[in-house]
Amino acid sequence: YIFGEIMYGGHITDFWDRKTNNTYLEVSFHDGLLKQAELGHGFNSPDPQTCTTAAGYLKHLDTLPAESPLIYGLHMNSEIAYLNNATSSLLSTILRLKAGGGGGGGSGGGNISAIIEELEGKLPPLFDMIDLNDKAQPIIKGKDGPYIVVLLQEAGRMNVLTGEIARSLDELRKGLLGQLNMSQKMEDLLSALAIKQVPGRNPFHTASWEKFAWPSMKGLQDWFADLILRCGQLTEWCAIDGLQTPISVWFPGLFNPTAFLTGIKQVTARLNSLALDKMATETHVTAFNGPEECGERLPEGMYIHGLFCEGAQWGECENEKFDYVEDSTVQCAGILRESKPKELLPPMPIIYVKAVQVQPSWDPQSVGYIRPEPDLYNCPVYLTTFRGPTWVFVATLKTDKPASHWVLRGVALVAQLD
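According to this note's numbering, the stretch in the sequence shown is residues 13 to 430, in order.
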């Protein structure tokens, strides 16, 4: 407690970082250390009978293996991920330096004009919010009211983003043609487009699309393709009779996924006359690999798809207790398994998210309720691989190994690739 909650943990504000710290202490501090147990993978503690001098300890250090991710409980894939991140950071820095080496307009004006024309041609149209509100008003107080509110909010935010993109691109095009004076915002937008960066990614730039968007680490081309897919999901949602939600929702395609999860709890709380503040979300990984396999829409809860697993993978298990039917209709299967070599972010199957009543044995924390069941791993879900402030909720994943094993592996679900 002194080390985990005061000396070290007292300086850690993030719940998941503190949990990782405490898990390292739990697996490292034990009586076996006095009996030549392993400090880590291949790292035996020194023998007090032979290591009686400084020279003895130095000799023992020479017998220790080279450092590897296994020492810290990580999978070997984590080294690949680290090197990829370091390389991406280096290349991004080089691109920024290259972009800052010359004038703003220069010989790149033609290329920028082509980029502007391409983006404007692909930009989806605005949603008709007046028509959408007219459709929503008669049914917004019904069973699916919370989901309709989410749809209206998502469509409104998408209009703000696409409107800002259209306005700023039009301004920049006129500036390049000499029809407008180039402002600082236009210069910053020009610099971002020149290196294929999402405007606003650079914190010193005044032009920003990112502040109206979602957390992302993608480059401009992939980010814009992501925007088109998000608009596509909203367009399909708006076209469904009664504005009903899709059978399976592409979870990463939401601006505010937390509001969608709250909607799941609200629907269940209203149908069963339960207190909303005594509800929590629970996840079950299904045997379905795609939305087309889900069948009919669920009366409560929702199917979601589009998540990836970092630090592990989802796989089959021979134990029949992990092959079950939830709520009489949802076929669930599989458990957390070790990652395959060089497979960093395998996709997850369709996940069934439902709202349940909080149980007395659950531990209330800043991130929600942590469940103590031995066959569950309380898995953090993040919007990006950057993790940190992009945390969304806790997924409950089945496992046949201690939860500490997956904590040290750094296992988390993420909503999008880089």
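All C-beta atoms, glycine included, are put in the ideal place defined by N, C-alpha and C. Nothing here was measured: the structure is a model prediction, and the numbers come from that model.
Distance CB(residue i)-CB(residue j) smaller than 8 Å
| i | j | result |
| --- | --- | --- |
| T298 | C329 | no |
| S228 | I316 | no |
| R213 | E222 | yes |
| L395 | A407 | no |
| K290 | I92 | no |
| T295 | I363 | yes |
| M3 | C306 | Nothing in the structure corresponds to residue 3, since the chain is present only between 13 and 430. |
| L239 | V365 | no |
| N390 | A415 | yes |
| N33 | Y20 | yes |
| M194 | G168 | no |
| T25 | V419 | no |
| L246 | L181 | no |
| G275 | P150 | no |
| G327 | R349 | yes |
| V393 | F405 | yes |
| N171 | F139 | yes |
| I83 | F55 | yes |
Given residue i as reference, the closest of the options once Cα atoms are compared
| i | options | result |
| --- | --- | --- |
| F236 | F300, V210 and L188 | V210 |
| P384 | P392, W374, V393 and S378 | W374 |
| L429 | D234, N145 and Y159 | D234 |
| G302 | E176, D43 and W262 | W262 |
| L255 | N145, K333 and L348 | N145 |
| S100 | Y20, K230, P359 and L202 | K230 |
| Q278 | K31, V162, T32 and Y94 | V162 |
| L283 | T257, G327 and A367 | A367 |
| L241 | F267, D253, V393 and F216 | F267 |
| D335 | L409, V423 and L70 | L409 |
| L310 | K155, D59, L73 and L37 | K155 |
| W28 | W403, I124, H417 and T411 | W403 |
| L109 | E304, K31 and S203 | S203 |
| D387 | N331, D339 and Q377 | N331 |
| E129 | I160, A178, L102 and L138 | A178 |
| L201 | Y84, S125 and P58 | S125 |
| N123 | V379, R185 and S378 | R185 |
| P137 | Q196, C243 and A148 | C243 |
| T75 | V337, K333 and C63 | C63 |
| K71 | S80, E79, S57 and P81 | S57 |
| E38 | G16, G22 and H23 | G16 |
| D6 | V337, K333 and S340 | A query on residue 6 cannot be resolved here, the shown segment of the chain reaching from 13 to 430 and no further. |
| V9 | K134, F300, D143 and P401 | Lying outside 13 to 430, the shown extent of the chain, residue 9 is not represented and no answer is given. |
| D253 | E79, A148 and T341 | A148 |
| T397 | G22, K31, S80 and Y94 | Y94 |
Residue i in three-state terms, based on DSSP
| i | result |
| --- | --- |
| Y389 | strand |
| T442 | A query on residue 442 cannot be resolved here, the shown segment of the chain reaching from 13 to 430 and no further. |
| H296 | strand |
| G116 | In this prediction, G116 has a pLDDT of 43, which is less than 50 and means its spatial position is unreliable; nothing more can be read from the coordinates. |
| P414 | coil |
| T218 | coil |
| M229 | coil |
| L497 | Any question about residue 497 goes unanswered here, given that the chain covers just 13 to 430. |
| N56 | strand |
| D430 | coil |
| Y13 | coil |
| F267 | coil |
| V370 | coil |
| A281 | helix |
| Y69 | helix |
| Y20 | coil |
| I152 | coil |
| Q256 | coil |
| S162 | The sequence shown places Val at residue 162, rather than the Ser named in the question. Helix. |
| A204 | helix |
| A407 | strand |
| G307 | coil |
| Q377 | strand |
| P359 | strand |
Rounded Cβ spacing between residue i and residue j (contact assumed at less than 8 Å)
| i | j | result |
| --- | --- | --- |
| L86 | R399 | Contact doesn't hold; Cβ gap of about 15 Å is too wide. |
| I106 | L205 | About 17 Å separates the two Cβ atoms, so there is no contact after all. |
| Y381 | A251 | 37 Å between Cβ atoms; not a contact. |
| L173 | A219 | At roughly 14 Å, the Cβ-Cβ gap does not stay under 8 Å, so L173 and A219 are not in contact. |
| P264 | G318 | 4 Å |
| L232 | K208 | 4 Å |
| Q165 | A281 | With a Cβ gap of about 19 Å, Q165 and A281 do not count as contacting. |
| A324 | S285 | That belief does not hold up - the Cβ atoms of A324 and S285 are roughly 39 Å apart, past 8 Å. |
| L356 | N89 | 6 Å |
Short CB-CB distance (under 8 Å) between residue i and chain B
| i | result |
| --- | --- |
| T218 | Here there is only one protein chain, and chain B is not present. |
Residue ranges of each beta strand (DSSP E) run of no fewer than 3 residues wholly in the segment 312-356, ordered along the chain?
-> 314-317, 320-322, 325-327, 336-338, 342-344 and 347-349
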